[in-house]
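K.L.:
Structure incoming, see below.
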Amino acid sequence: MDLLHALGINQYAIVQFLIFAVMFAFLTGYVFSPYAKALDEREKRTVGGENLAEEYQEKAIELQTEYQQKARDLNSQIQTIFQSQKGAASAEQDKVVRQAQDEANSLIEKNRQAIAKSVSQVSEELRGQTTNVALAITNRLLGK
4 MDLLHALGIN QYAIVQFLIF AVMFAFLTGY VFSPYAKALD EREKRTVGGE NLAEEYQEKA
64 IELQTEYQQK ARDLNSQIQT IFQSQKGAAS AEQDKVVRQA QDEANSLIEK NRQAIAKSVS
124 QVSEELRGQT TNVALAITNR LLGK
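Number 143 in our numbering belongs to position 140 of the sequence shown; there are no gaps in the numbering.
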C-alpha cells in the first residue's frame, strides 16, 4: 500500500477501480452482449430482407420483360389470324358479289327475253287488229 501512496493513489481509487471492473463485467455480460446479439440478428434479417427485396425486384423485371415479349408474340399472332380471316372474308365477299351479279344478269336477260316475247305478241295482236281498226275508222269517216 505504501507503494500506491508513493504514486499518489489512495485506497478509494482501488475501490472505485474494483467497482468499475465489476460494473463493466456485469454490463458487458447482461446488457451489452444481448444488445449486440439483437443488433447483429436484426442486421442479418435486414441484410437478408434487402437481398430478398433485390431478388424480388429482379424477378419482377424479368416477369415484366417476359410479359411484354409474350404480349408482342400474342399481338403478332392475332394480327396474323386477323389478316388471314380478313383475306378469307374478302374472298367470300367477292364470291358472293360475283354470284349475285351473275344471278342479276341472268334475271335481266330472262326479263329482256320475256319483254321481247311480250312485245312480239302484242305486235302480232296489233297487226291482227290493224285491219279491223282500219275498217272501223273508214266506216266512221264514211259515216256508216
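Just so it is clear, CB atoms sit at the ideal spot from N, CA and C, and this is done for glycine as well.
Note that the coordinates shown come from a computational prediction; the quantities given were computed from them, not determined experimentally.
1) How far does the alpha helix (DSSP H) with phenylalanine 35 in it extend, from its first residue to its last?
2) What is the DSSP secondary structure of asparagine 13, counted as helix, strand or coil?
3) How long is the line joining the alpha carbons of glutamine 67 and glutamate 58, rounded to whole angstroms?
4) Just how far apart, CA to CA, sit lysine 113 and alanine 119?
P.N.:
Walking through what the data contain:
1) No alpha helix (DSSP H) holds phenylalanine 35; DSSP gives it neither H nor E.
2) coil
3) 14 Å
4) 10 Å
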